[in-house]
Amino acid sequence: MNILILLKSFNYPPRNGGDQAVFNAIKKLMFHVHYHIISTDNSTEGQNSVTAFKCDFPGIPILIYDINTLNKYQWIYKKALRISNYINNRNGNKQIVNLQQINMYDARVDYNNAFFQFLNQYIVQQQIDIVQGEFQFTLGWLKGITGKIKKVFVHHEIQFVVEHQRLVQRDHTVNDLYFYEQQRQQEINALNACDAIITLSENDRQKLITAGVHAPIFASFAQISLHNIPISYPINIQKHLVFIGPESHQPNKQGMQWFMDNVFPLIHQQEPETKISIIGRWSIETQQQWTCQYSNIHFLGFVDDLAKTAKECILIVPLFQGSGIRMKILEACNIGIPFVATTIGAEGLGFTDGENCYIEDDKTQFAQKILNLLQNPNTANSFIRKSIAHIRNNFTDEQLVNSRMKCYNSMTNTDTNERKQ
Numbered sequence: 075m076n077i078l079i080l081l082k083s084f085n086y087p088p089r090n091g092g093d094q095a096v097f098n099a100i101k102k103l104m105f106h107v108h109y110h111i112i113s114t115d116n117s118t119e120g121q122n123s124v125t126a127f128k129c130d131f132p133g134i135p136i137l138i139y140d141i142n143t144l145n146k147y148q149w150i151y152k153k154a155l156r157i158s159n160y161i162n163n164r165n166g167n168k169q170i171v172n173l174q175q176i177n178m179y180d181a182r183v184d185y186n187n188a189f190f191q192f193l194n195q196y197i198v199q200q201q202i203d204i205v206q207g208e209f210q211f212t213l214g215w216l217k218g219i220t221g222k223i224k225k226v227f228v229h230h231e232i233q234f235v236v237e238h239q240r241l242v243q244r245d246h247t248v249n250d251l252y253f254y255e256q257q258r259q260q261e262i263n264a265l266n267a268c269d270a271i272i273t274l275s276e277n278d279r280q281k282l283i284t285a286g287v288h289a290p291i292f293a294s295f296a297q298i299s300l301h302n303i304p305i306s307y308p309i310n311i312q313k314h315l316v317f318i319g320p321e322s323h324q325p326n327k328q329g330m331q332w333f334m335d336n337v338f339p340l341i342h343q344q345e346p347e348t349k350i351s352i353i354g355r356w357s358i359e360t361q362q363q364w365t366c367q368y369s370n371i372h373f374l375g376f377v378d379d380l381a382k383t384a385k386e387c388i389l390i391v392p393l394f395q396g397s398g399i400r401m402k403i404l405e406a407c408n409i410g411i412p413f414v415a416t417t418i419g420a421e422g423l424g425f426t427d428g429e430n431c432y433i434e435d436d437k438t439q440f441a442q443k444i445l446n447l448l449q450n451p452n453t454a455n456s457f458i459r460k461s462i463a464h465i466r467n468n469f470t471d472e473q474l475v476n477s478r479m480k481c482y483n484s485m486t487n488t489d490t491n492e493r494k495q
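As numbered in the working numbering, residues 75 to 495 make up the sequence shown, in order.
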């Protein structure tokens with residue numbers, strides 16, 4: 075079975091949860107299907123990532139298509155976009171409407187005609203059975219695939235769910251609601267144009283069904299690389315919190331701002347020596363803002379060895395926006411780190427508050443539950459043991475392969491046993 079994966083950006087080795095989800099799935103399934111990859115990331119970083127990928131996966135064909143080369147039509151479109159934004163600025167409209175986002179799920183075949191010609195020719199030449207879009211941008215691309223080729227979209231984060239979360243958390247106008255409903259329907263329509271959808275959790279699957287998505291939906295989790303890391307109990311939990319994730323992902327910034335404004339001061343009152351390490355890329359402005367408030371907060375950027383960096387820490391996941399699953403929680407549990415998360419932060423992973431973690435949305439209780447772990451090592455060690463057992467029982471290689479192959483086989487009407495023969 076030949077499957078073509080479409081990616082806008084290409085980041086390998088993976089440095090965030092989304093990229094881990096893509097490449098770990100490829101790694102586990104490459105012995106069951108034949109993957110091809112096309113990326114439009116022609117940046118130096120993207121090209122270096124492709125080189126690194128080819129070293130680790132020499133048998134998987136991968137091509138870069140430079141979609142950034144503008145033809146005459148595209149050049150005019152870009153100029154019109156700039157003029158529109160200039161007019162909006164002059165009129166005092168601070169929330170500039172980006173014409174490219176009015177319908178991000180429109181393939182705009184006329185605008186990217188050469189790209190879609192290339193894609194469709196490649197599909198025919200390589201006898202591709204299924205085209206698989208990864209991440210939101212490629213959902214529109216799938217509409218530009220012609221013929222009877224099967225199309226599946228891997229939904230890492232449902233955009234209309236996240237946007238609704240943002241709306242209810244801030245003041246909004248009637249126009250905001252209209253624009254939200256328009257984008258919501260566009261996303262649903264684009265999903266219904268697919269032959270199948272893969273969500274990373276059963277929660278997201280149910281949300282799409284409730285919203286009116288009638289295309290077949292398969293829940294298939296994203297996976298980290300599970301390692302049987304030796305853990306010596308009891309673990310001596312330090313007064314050290316860790317957050318994993320870049321500022322560029324809006325839920326991370328919003329969540330950590332809430333934590334710094336509302337939760338950390340409460341912890342600092344009782345345990346003033348408690349420090350925070352933030353892993354991922356964050357702006358100089360944010361770093362200066364928070365380090366001016368507290369001397370014991372450290373920005374580490376990307377780290378090569380998470381197990382070493384986060385050893386004996388407590389993971390915090392204070393997110394109030396998002397769908398899908400948080401890979402950071404799976405990573406933390408795998409290396410023996412207890413966590414405290416909000417409901418949305420822990421969503422889709424099957425953890426239980428008070429049994430193998432703490433889940434809390436109230437700022438005072440969120441702080442208190444962190445203090446409970448800092449001050450009660452027996453509770454922290456119990457959570458570690460139970461969370462490790464949970465992920466190793468529910469996020470196995472076999473379960474991932476079976477759930478993805480169930481989707482692929484249903485699309486091609488092929489029985490798994492028949493494929494093996």
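Every residue, glycine too, gets a C-beta built ideally from N, C-alpha and C.
Check	Outcome
Cβ shell of residue 373 (< 6 Å), same chain only, five flanking positions each side left out	352, 356, 361
Beta-bridge pairing of residue 365 - partner residues as DSSP gives them	BP columns for residue 365 are empty, so no partner.
Extent of the continuous alpha helix (DSSP H) to which residue 124 belongs	118-130
Cβ contact check for the segment 317-333 and the segment 465-476: 3 or more pairs under 8 Å	no
Inter-residue spacing [alpha-carbon to alpha-carbon] between residue 426 and residue 141	45 Å
Three-state secondary structure assigned by DSSP to residue 227	strand
Nearest residue (CA-CA) to residue 240, options 396, 487, 83	396
Cβ neighbours of residue 224 in the same chain (closer than 6 Å, five flanking residues each side left out)	204, 269, 485
Terminal residues of the beta strand (DSSP E) in which residue 349 lies	349-353
Inter-residue spacing [alpha-carbon to alpha-carbon] between residue 93 and residue 411	22 Å
CB of residue 340 within 9 Å of CB of residue 441, strictly	yes
For residue 113, the three-state DSSP class (helix, strand or coil)	strand
DSSP beta-bridge partners of residue 314	349
Distance CB(residue 420)-CB(residue 403) smaller than 9 Å	yes
3-residue-minimum beta strand (DSSP E) runs that sit fully inside the segment 188-241, ordered along the chain	204-208, 224-229
Residue span of the alpha helix (DSSP H) that contains residue 71, given as start and end	As displayed, the chain neither begins before 75 nor continues past 495, which places residue 71 out of reach and without an answer.
Rounded separation between residue 450 and residue 179 - CA only	50 Å
Distance between beta carbons of residue 91 and residue 401, contact taken as under 8 Å	3 Å
Segment contact, 8 Å Cβ cut-off, at least three pairs: the segment 377-392 with the segment 306-324	yes
Rounded distance between the beta-carbons of residue 271 and residue 238, thought under 8 Å	Actually they do not touch by this definition, with Cβ atoms about 19 Å apart.
Three-state class that DSSP yields for residue 464 in the structure shown	helix
Euclidean distance between Cα positions of residue 226 and residue 343	51 Å
Beta-carbon spacing of residue 457, residue 413 below 9 Å	yes
Residue range of the alpha helix (DSSP H) that includes residue 338	338-344
Nearest to residue 303 (by Cα), restricted to the options 407, 186, 123, 100	407
Rounded C-alpha distance that separates residue 78 from residue 97	14 Å
Integer-rounded CB distance, given that residue 292 should sit under 8 Å from residue 481	4 Å
C-alpha gap between residue 192 and residue 95, whole angstroms	27 Å
Residue 422 beta carbon less than 9 Å from that of residue 216	no
Cβ-heavy atom distance, residue 297 to the ligand FMN, below 8 Å	Questions concerning the ligand FMN fall outside what the structure shown contains, since it holds no ligand whatsoever.
Nearest residue (CA-CA) to residue 276, options 435, 232, 88, 117	232
Local conformation of residue 416 per DSSP, three classes	coil
Rounded separation between residue 398 and residue 278 - CA only	6 Å
Contact set for residue 103: own chain, Cβ-Cβ below 7 Å, skip 5 residues either direction	475, 478
Residue 446 and residue 453 closer than 9 Å at C-beta	yes
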